[in-house]
Each structure stands twice: as structure tokens, then as C-alpha cells.
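Undergrad:
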Amino acid sequence: MKQFLELDGVDLIYHSASGETPALKNVSLYVKKKEFVAVLGPSGCGKTTILSLIAGLLKPTCGRVLLNGQPAGEQKNHFGYMFQRDHLFSWRTIRQNVLLGLEVRGTKTKQNLEYAEALLNKYELWDFKDKYPSELSGGMKQRVALIRTLVLQPGILLLDEPFSALDYQTRQNVCNDVSRIISEEQKTAVLVTHDLAEAISMADRVIVLTARPGTVKAEFKIELSGEGSPFMRRRSPKFNGYFEAIWKELETNDK
Amino acid sequence: MTNEHKKFLQMVKKKNAEVRLAQIGILVAFVGIWELAARTELIDTFITSSPTRIVNTIVMLFESGQLFEHMGITLLEACLGFVIATMLGSIIAIVLWWSQTLRRILDPYVVVLNSLPKIALGPLIIIWIGAGLQSIVMICVLILIIITVISMLNAFLECDRDKIQLMKSMGANKWQILTKLVLPSSIPAFISVLKINVGMSWVGVIIGEYLVSRAGLGYLIVYGSAVFKLDLVMTSTILLCILAGGMYLLVAWFEAWVKKRRK
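If you read the protein sequences in the order shown, they are chains A and B. Sequential numbering of the first sequence, starting at 2, is according to our numbering. Sequential numbering of the second sequence, starting at 117, is according to our numbering.
#1: For a contact meaning CB atoms closer than 9 Å, what does N27/A contact in chain B?
#2: Going along chain A in order, which residues have a C-beta closer than 8 Å to the C-beta of D278/B?
#3: If contact means a Cβ-Cβ distance below 8 Å, which residues of the stretch 288 to 300 of chain B contact chain A?
#4: Are any of the Cβ atoms in chain A nearer than 9 Å to that of S285/B?
#5: Helix, strand or coil for E36/A? Go by DSSP, reduced to three states.
#6: Can you name, in chain order, every residue of its own chain whose Cβ lies under 6 Å from the Cβ of K234/B, other than the five neighbours on each side?
#7: Which term fits D168/A, buried or exposed, when burial requires 16 or more other beta carbons within 10 angstroms of its beta carbon?
#8: Counting only beta-carbon separations shorter than 9 Å, does I307/B have a partner in chain A?
#9: So that I know if they touch, is there some Cβ in chain B lying closer than 9 Å to that of E104/A?
#10: If the criterion is Cβ atoms closer than 9 Å, does the pair R93/A and L101/A meet it?
#11: Using 9 Å as the limit for Cβ to Cβ distance, is K256/A near chain B?
#12: Spell out the partners DSSP gives L13/A in its beta bridges.
#13: Against chain A, does L282/B count as a neighbour if the rule is that its beta carbon must be under 9 Å from one of theirs?
#14: Determine, using beta-carbon pairs with one atom in the stretch 338 to 355 of chain B and one in the stretch 260 to 270 of chain B, whether at least three such pairs fall under 8 Å.
#15: Which chain B residues sit within Cβ distance under 7 Å of F80/A?
#16: Say whether the stretch 154 to 168 of chain B touches the stretch 295 to 315 of chain B, bearing in mind that this needs 3 or more beta-carbon pairs closer than 8 Å, one atom from each stretch.
#17: For A73/A and chain B, any beta-carbon pair shorter than 9 Å?
#18: With distances taken Cα to Cα, identify the nearest neighbour of G139/A among L114/A, L89/A, Y124/A.
#19: Please list the terminal residues of the continuous beta strand (DSSP E) segment that includes E220/A.
#20: How about L159/A: is its C-beta nearer than 9 Å to some C-beta of chain B?
#21: Are the CB atoms of L192/A and P163/A nearer to each other than 9 Å?
#22: Using the three-state DSSP reduction, which class does R219/B fall into: helix, strand or coil?
#23: With a cut-off of 8 Å, do at least 3 Cβ pairs link the stretch 193 to 212 of chain A to the stretch 229 to 240 of chain A?
#24: Use the C-beta contact count for S165/A: other C-beta atoms within 10 angstroms, 16 or more gives buried, fewer gives exposed.
#25: With burial defined as no fewer than 16 other Cβ atoms inside 10 Å of the residue's Cβ, what is the status of L366/B: buried or exposed?
#26: Contact criterion: CB-CB distance below 9 Å. Does L192/A meet it with respect to chain B?
#27: 9 Å is my cut-off, CB to CB: does L13/A come that close to chain E?
#28: Can you list, in chain order, the residues of the stretch 44 to 62 of chain A whose Cβ is nearer than 7 Å to any Cβ on chain B?
#29: Give me the Cβ distance between A212/A and P43/A, rounded to the nearest whole Å; I'm assuming they're in contact under 8 Å.
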């Protein structure tokens, strides 16, 4: 069956003067529409590489990356990237930061501007629209970063450890916010992380990678969506079961 | 406002006033002792001049119409050198940022040009483009431009890779990455380059005037020392201090304005 997003037998080798480093080996995975998939693996297993491949910023050495059955590299505008740090531009106001992508694509239409304003409104950032990033808290900045991505109406959100730079409590809150926003806006999302609990609490499916060169090792379907926010999901009795199962899978990774 | 805060503000104000008073005090004391030593013939005013003689020289220069001519020409040269070098240097840095290949090819030349004492090129420049304002500005530009290119290029290359990746993921082209990200994020570096250049441009201009000139403060210094009119040398040096200080203040004021706008 044709999947929304599909990686089919993807290899990726990084070349540098000192040699070549295989980062990914024969990675095959799929993501369904409106699904939230977490890719979990030890540091340096090529998680970020997978996102760069999906976003078309890198070309696979071999294999295919398909979106709706077509090569994903040709459909760059379907992806929205969210990074570890918010990467807001300090010289732009919140509103200007949010509109960055529209400026870049030359799509500052009335409709898009209204959408951006609606998002700012909806996620309690309207009052801060004329402030500069330095005046906002870490969690708010990460929310702005997500809105900056959403304004472009991407088909798929790519989240590259978007909470790891935040302190523990903020991380839980932002995790809830982001999870809520993604489900409200009905977005497909791929999250890469090394944080097991984060993956389980947010995703519909967790894909475990091996150490470098990364390849898919196991897959877990998480059925906690009835529980509500990531915070609630963490308290669900089933959470621990998933946690242990995936933990074991990661442990055997080390050997 | 609480009483405590009022007291605190008063203390800050008092401290500031004290610093300002000490600054003025040093100047007054220096000039006073100098004048006193000159009048009591403790020092030889033929060699050290004196504040009165400097003021007299300035008045004399002013009355003969030479004061603003010399100051103006040096100021013009310094401003030209400063503006041309800063603009051209930044443009070259942008070109080198744009093309990694060009950057690699030109790297050894930049290194050699940077270590070369530019004043060594002075005589050549005078022969090539002729004695006069143009060669003085040229020497000034040469002294400033290499360091401008290197500093600006480093600032451009230090731009956060993830931010560039973010722009790319939005579909930005290289021009957009340059204008929306790399240039704005390099403004602090640009300001520090301005501050360095504003000082260095005076070095360049005075060196240039020493080598070849018929007017300007550097010319007055060379001329004054040749005919042993040290009043003229001292006067020119002080006028130079005033001009250079004024130009630096302008840049500092510009910096404050930019900072205020960017917060």
C-alpha cells in the first residue's frame, strides 16, 4: 500500500577528507497521515540525518524517500522543521519571526497573515507579538518556533529533539503544548529523540534505531492516545510496560 | 519608588559625578602644570610649547584661514578612507562568504596581504596614482581593508549552522539567507569593525600625509618638526586628538542607536 511518507531501503554515507562514515544503513519506515511517529535511538545513530533526508536537505546514498509516492526531495515545501533550540532571530519581533517563512517563500498573502495572527492568538502569544525573543521565556520561545513552522502549513512536522534544551519543568509544559497544538492542527509529525519517556508520551508509534550506522531495530505501537496530554500519558499504568519493553530493546543495542 | 531605591540612585549619581569630576580634574591639572612650568621656565617652551602658545597658534591659523583648511582636508581624507575601506571590505567579505572556492583560492593572498606592513607600499602608490589626496586615501584604505575583510568574513562564517538549516528548510535561497540571516546577525561584528577602523583610519591618513602631502594636520606636523616650530607640531597633534575623538563619538553614538533598536 502506498504510504503518506515512506523511507525505502535508505543508506546514507557521509564523506569527508578523512574517510567515509556510514550514518544510516538500509532504513525502511513509513508514516501514515496524521500519525505521530517518534524515532528513538542512542546519540549519533543518525536520527537527525533521517530528518534531513525527509526534508530533502540531504540526498540518500541509496534507497528512496517518498512522499505520497513521489520523491520527497522535490516537495520541500511540505516539511516544517523544528530544532533543539528555538532559533528565533533576536533582531526580529515575535510577529516578524513568525512571518519569516512567508517572507522567504514570498507568500505573505492576506489569508496567510490572518492564519499567522490566528495562531498567535490561539496559543496565547498575541500580547507578545511586538516583543523581542529575549523578553520571552524558554517555553514561550519554543511555542513561537512551532508557530513559525505551522504558518507555512507543512504537511509533515519534523521535530529534532525540540525540548532537550529546556529545563525539566518547562520541558513537560512545552511537550504538552506542542503535543496539543499538533493534534489540534491535525498534523503528521516525526519526532527524533533519545528520551524514551518523551517518545512514549507523545507518539502513536516508536521506532527504535541501532547505534551507528543506524538501522531500524524494532517498532512499538503505543496505544495511549485515549489518555490525553503527554503528562497524563506518563501517569497511565500502561506507560511503564512500554517503557520497560523499549528500554530492553535499547539496552541490547549496547552489546 | 522606595526610599531605599532613591538612596541607591543618589549614590549612583554621586559616583558618576565623581568620575566626571576626576576626568576634568586631570585635564585641568595637566594643562595648569604645563602652563605653570612654562611660565616659571622650568621647561623649555621651545621644545615643549605651552598651552598659551598652542592657543595662540590656533588663533593664528584661524586668522590666516589655514585652520579649517588643514583640519578639513585631513578629516576628508580620514572619512573617505574609513567609508571606502569599510564598504569595500564588507562587500569583498560578502563575495568570499558566497563562494567557498574563491575563499579557498584567495586564502594565502589574504594572509600575506594581512601580514605585509602596508606602509611599505606607500612609495609605489604615490608613483602609480600620483601624489595628493588620492594616494593618501589609498594608503588609508589599504591599511584598513584587509582587516575589515577578515573580521567581517569571520563574523559571516560564524553564523549558526542550524539557523541556516532552518532557512533552507523554509526554502530560502542563498541571497535570502544572506540578507535575512547572515547580515543582520553580523551587525555587532560590523560595529566593532567600525570602532577599530575609525581609529585606524587616522593612522592611515597621518602615515599618508607624512609620505606625501601639501596640506593637512599630518603635513603640519612634518612641516613643523622640519622647521623646528614645535608649537605647530603640538597644536596639530591636539587638533588631531579632537577630530579623532569626535569621529569615535559618532560611531559610539551609532552603536548606542543600533543597540536601542535591537534591544
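Ideal placement from N, C-alpha and C gives every residue a C-beta, glycine not left out.
TA: Taking the definition as stated:
#1: By one-based count along the first sequence, residue 27/A stands at place 26. Per Cβ cutoff of 9 Å: no residues; N27/A is ~25 Å from chain B at best.
#2: Locating residue 278/B in the second sequence gives position 162, counting from the first residue. Correct list: F84, Q85, R86, H88.
#3: Along the stretch 288 to 300 of chain B, going in chain order, the ones with a CB nearer than 8 Å to a CB of chain A are A288, Q292, K296, L297, P300.
#4: Within the second sequence, residue 285/B is the residue found at index 169, counting from 1. Cβ-Cβ to chain A under 9 Å: yes for S285/B.
#5: As a working mapping, residue 36/A is identified with position 35 in the first sequence. In this structure, E36/A counts as coil in the three-state DSSP scheme.
#6: The residue given as residue 234/B occupies position 118 in the second sequence. Hits under 6 Å: L258, I259.
#7: Here the question's residue 168/A lines up with position 167 in the first sequence. Per the 10 Å Cβ criterion, exposed.
#8: Indexing the second sequence from 1 puts residue 307/B at position 191. Answer no: the Cβ-Cβ gap between I307/B and chain A never drops below 9 Å.
#9: If you number the first sequence from 1, residue 104/A lands on position 103. With 9 Å as the cut-off, E104/A counts as an interface residue toward chain B.
#10: Taking the first residue of the first sequence as 1, we reach residue 93/A at position 92. Taking the first residue of the first sequence as 1, we reach residue 101/A at position 100. Yes.
#11: Start at 1 with the first residue of the first sequence, and residue 256/A comes out as number 255. Unreliable positioning characterises K256/A in this predicted model, as indicated by a pLDDT of 49, which lies under 50. A coordinate reading is not provided.
#12: Numbered from its first residue, the first sequence carries residue 13/A at position 12. DSSP lists L25/A as partners of L13/A.
#13: The residue given as residue 282/B occupies position 166 in the second sequence. At least one chain A Cβ lies under 9 Å of L282/B.
#14: With the cut-off at 8 Å, the stretch 338 to 355 of chain B and the stretch 260 to 270 of chain B do not touch.
#15: By one-based count along the first sequence, residue 80/A stands at place 79. Those are S285, listed as they occur along chain B.
#16: no
#17: Here residue 73/A is taken as the residue at index 72 of the first sequence, counted from 1. Interface annotation, A73/A: not in contact with chain B, CB-CB separation never under 9 Å.
#18: Here residue 139/A corresponds to residue number 138 of the first sequence, with the count starting at 1. The shortest Cα separation from G139/A among L114/A, L89/A, Y124/A belongs to L89/A.
#19: As a working mapping, residue 220/A is identified with position 219 in the first sequence. From DSSP, the beta strand (DSSP E) with E220/A extends over 217 to 222.
#20: Position 158 of the first sequence, counted from the start, is the residue given in the question as residue 159/A. Cβ-Cβ to chain B under 9 Å: yes for L159/A.
#21: Residue 192/A sits at position 191 when you count from the first residue of the first sequence. Residue 163/A sits at position 162 when you count from the first residue of the first sequence. The answer is yes: Cβ separation under 9 Å.
#22: Position 103 of the second sequence, counting from 1, holds the residue named residue 219/B. R219/B: helix per DSSP, three-state reduction.
#23: yes
#24: Residue numbering aside, residue 165/A sits at position 164 when the first sequence is read from its first letter. The Cβ neighbour count for S165/A, taken over all protein chains shown within 10 Å, is under 16; the residue is labelled exposed.
#25: Taking the first residue of the second sequence as 1, we reach residue 366/B at position 250. By the neighbour-count rule (16 or more Cβ atoms within 10 Å), L366/B is not buried but exposed.
#26: For the purposes of this step, residue 192/A is taken as the residue at position 191 of the first sequence. With 9 Å as the cut-off, L192/A does not count as an interface residue toward chain B.
#27: Note that chain E does not occur in the displayed structure, where the protein chains are A and B.
#28: A56, L58
#29: Indexing the first sequence from 1 puts residue 212/A at position 211. Indexing the first sequence from 1 puts residue 43/A at position 42. The Cβ separation is near 5 Å, so the contact holds.
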